[in-house]
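**Q** To convert, note that position 103 of the sequence shown is 687 in our numbering; the numbers rise steadily by one, no gaps. Just so you know, even glycine gets a beta-carbon here, dropped at the ideal spot from N, CA and C. Sending over a structure as structure tokens; questions will come in a sec.
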Amino acid sequence: MRLMPRSYYLDDLFDNFLSSEDSKMKCDIYESEGKYHIEMDIPGFRKDEIKIECNKGNIVITAEKSDEQKDEDKKYLRRERVYGKYQRSFYLGDIVEDEIEASFDNGILHIVVPKLEEKETKKYIEVK
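Following this line, the structure appears as structure tokens:
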């Protein structure tokens with residue numbers, strides 16, 4: 585039996601204590617048919633609020649939402665929707681940067697990154 589409602593005292597004290605910035609952008613990365621696939625959950629964002637950068641095998645995904653709708657008439661009792669900038673980065677190695685494709689549908693970002701075809705560089709040395 586609960587005598588005092590949870591929302592009465594110390595409601596927000598531990599809400600953000602155990603969460604990290606990475607927990608807001610959960611993802612799966614897998615390899616299929618010579619390509620890397622990144623599927624990332626970014627709910628609550630529009631595709632124009634998401635930026636993807638690639639530099640020497642590093643993929644950086646940034647989602648930023650600003651609090652543009654400030655309304656002084658509203659007195660919030662609880663405000664859980666967070667505004668700000670979230671970022672994740674991954675190193676994928678040798679990739680074809682010019683052929684990376686991305687799509688965003690229903691809060692899920694899907695990035696397809698073609699791998700650079702590995703060339704055989706093994707050389708055998710004759711022992712004399």
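1. Smallest Cα separation from Leu700: which of Tyr667, Asp651, Gly641, Ile613?
2. Would you please state the rounded distance, in angstroms, between the beta carbons of Lys619 and Val697? I believe it to be under 8 angstroms.
3. Restricting to Cα atoms, I'd like to know which of Asp651, Leu676, Ile709, Leu693 is closest to Cys638.
4. Looking only at C-alpha atoms, which of Arg672, Asp651, Tyr670, Gln671 sits nearest to Arg663?
5. Under a Cβ-count criterion, where at least 16 other Cβ atoms within 10 Å of its own Cβ denotes burial, should Ile679 be classed as buried or exposed?
6. Under 8 angstroms by Cβ, that's how I've got Asp625 and Ile692 pegged, so tell me the actual separation to the nearest angstrom.
7. Should Ile622 go down as buried or exposed, given a rule of 16 or more other Cβ atoms within 10 Å for buried?
8. In its own chain, which residues sit with a C-beta less than 7 angstroms from the C-beta of Lys635, not counting the 5 before and 5 after it?
9. Per DSSP, which residues does Lys619 bridge with? Please list them.
10. By how many angstroms is the C-alpha of Lys659 removed from the C-alpha of Lys610?
11. Given a cut-off of 7 angstroms, decide if Glu633 and Lys649 are closer than it, judged by their beta-carbon atoms.
**A** Looking at the coordinates:
1. Indexing the sequence shown from 1 puts residue 700 at position 116. Cα-wise, what sits closest to Leu700 is Gly641.
2. Counted from its first residue, the sequence shown places residue 619 at position 35. Counted from its first residue, the sequence shown places residue 697 at position 113. Right, the Cβ-Cβ distance comes to about 6 angstroms (below 8 angstroms), so this counts as a contact.
3. In the sequence shown, counting from the first residue as 1, residue 638 sits at position 54. Comparing Cα-Cα distances from Cys638 to each of Asp651, Leu676, Ile709, Leu693, the minimum goes to Leu676.
4. The residue labelled residue 663 in the question sits at position 79 within the sequence shown. The shortest Cα separation from Arg663 among Arg672, Asp651, Tyr670, Gln671 belongs to Asp651.
5. Looking up residue 679 in the sequence shown gives position 95. Residue environment: Ile679 is assigned as buried (16 or more neighbouring CB atoms within 10 Å of its CB, all protein chains considered).
6. Here residue 625 corresponds to residue number 41 of the sequence shown, with the count starting at 1. Here residue 692 corresponds to residue number 108 of the sequence shown, with the count starting at 1. 6 angstroms between Cβ atoms; contact.
7. Stepping through the sequence shown from its first residue, residue 622 is reached at position 38. Result: buried.
8. On the sequence shown, position 51 is the one that residue 635 refers to. Excluding positions up to five away in sequence, the list reads Thr646.
9. As a first step, residue 619 is located in the sequence shown; it is residue number 35 there, counting from the start. Paired residue(s): Ser616, Pro698.
10. The residue given as residue 610 occupies position 26 in the sequence shown. The residue given as residue 659 occupies position 75 in the sequence shown. Taking the straight line from one Cα to the other gives about 32 angstroms.
11. Taking the sequence shown and counting its residues from 1, the one referred to as residue 649 is at position 65. Taking the sequence shown and counting its residues from 1, the one referred to as residue 633 is at position 49. Yes, they are a contact pair.
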